[in-house]
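*Asks:* If you number the sequence shown the way the UniProt record's numbering does, the last residue is 187 and the count never jumps.
Glycine included, every Cβ here is placed at the ideal spot set by N, Cα and C.
After the structure tokens below, expect a handful of questions from me.
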Amino acid sequence: MNRQQRIHLYDIQERSYTEGTVEQINDQWIFFDEETEEASMLEEFLHQEIEIFRMNRWKKGILYEPGNIRIGNEVTMLRDHDTVRIRKHLIYSLERLLDGINDDAFFQFVTTLNSLDFSIYDCIYCYNHLSFLSDENRKDGVNFMVFDNQELICNVQHHFYYYEKVNDRFEFTINTGKRLIIEKMIS
Numbered sequence: 001m002n003r004q005q006r007i008h009l010y011d012i013q014e015r016s017y018t019e020g021t022v023e024q025i026n027d028q029w030i031f032f033d034e035e036t037e038e039a040s041m042l043e044e045f046l047h048q049e050i051e052i053f054r055m056n057r058w059k060k061g062i063l064y065e066p067g068n069i070r071i072g073n074e075v076t077m078l079r080d081h082d083t084v085r086i087r088k089h090l091i092y093s094l095e096r097l098l099d100g101i102n103d104d105a106f107f108q109f110v111t112t113l114n115s116l117d118f119s120i121y122d123c124i125y126c127y128n129h130l131s132f133l134s135d136e137n138r139k140d141g142v143n144f145m146v147f148d149n150q151e152l153i154c155n156v157q158h159h160f161y162y163y164e165k166v167n168d169r170f171e172f173t174i175n176t177g178k179r180l181i182i183e184k185m186i187s
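Written out as structure tokens, the structure reads:
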């Protein structure tokens, strides 16, 4: 798995965007989150990936100033009540953890999480013990993650041992009592 394949897995995740509409009120652009109905200043999302729904399709660009999206070499101006979606950010400790595990463990973890109807963007808590062991030859311990997809909660324990062998074990427990364990060992 190369970097591009990892990026593709990030791109196809459910709930990776916050969707809503925009309005210009008193010369300021306001974003209204469709799910929570909360309002926020669009300028909070400057220089972030944003998609606008025009002509029955999503067009991806970068919000480079409130009211203007750079799509390739073009600038598209927002209009009142445009539907937009803004790429969510991963919790920093989860992002570092995903970057730190090998490709096979990454793929197995993400696809298993997805098969349980959770997305990496559903993460509400991540303790990344691995990040504290960066200078050690032998690395072992446990990382803890909690995911909330608005219907269920999933707790994941990532047991790792990186020394003579590479061993990643993920224990998924959903609040319904369902449990799943996957393990990846490389000699």
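Quick one: residues in its chain with C-beta nearer than 7 Å to the C-beta of Asn175, no 5 flanking neighbours on either side, listed in chain order?
*Replies:* Numbered from 1 along the sequence shown, position 175 holds the residue referred to as residue 175. Around Asn175: Leu152 and Ile153.
*Asks:* Considering only residues of the region 20–46, which uninterrupted beta strand (DSSP E) runs meet the minimum length of 3 residues and lie entirely inside it, listed in chain order?
*Replies:* 28–33 and 39–41
*Asks:* Given this structure, state the Cα-to-Cα distance separating Ser16 from Leu116, to the nearest angstrom.
*Replies:* Residue 16 sits at position 16 when you count from the first residue of the sequence shown. Residue 116 sits at position 116 when you count from the first residue of the sequence shown. Using only the alpha carbons, I get a separation of about 16 Å.
*Asks:* Restricting to Cα atoms, I'd like to know which of Val142, Leu98 and Met145 is closest to Arg3.
*Replies:* Taking the first residue of the sequence shown as 1, we reach residue 3 at position 3. Taking only the C-alpha atoms, the option nearest Arg3 is Leu98.
*Asks:* Just mark Trp58 as buried or exposed, buried being the case when its beta carbon has 16 or more other beta carbons within 10 Å.
*Replies:* Position 58 of the sequence shown holds residue 58. It is exposed - the Cβ of Trp58 has fewer than 16 other Cβ atoms within 10 Å.
*Asks:* Using the beta-carbon count (16 or more within 10 Å), is Ser93 buried or exposed?
*Replies:* Working through the sequence shown from its first residue, we reach residue 93 at position 93. The residue is buried, with at least 16 neighbouring Cβ atoms inside 10 Å.
*Asks:* Determine the closest residue to Asn137 out of Ser119, Asn155 and Tyr161, with distance taken between C-alpha atoms.
*Replies:* Position 137 of the sequence shown, counted from the start, is the residue given in the question as residue 137. The residue with the shortest Cα to Cα distance from Asn137 is Tyr161.
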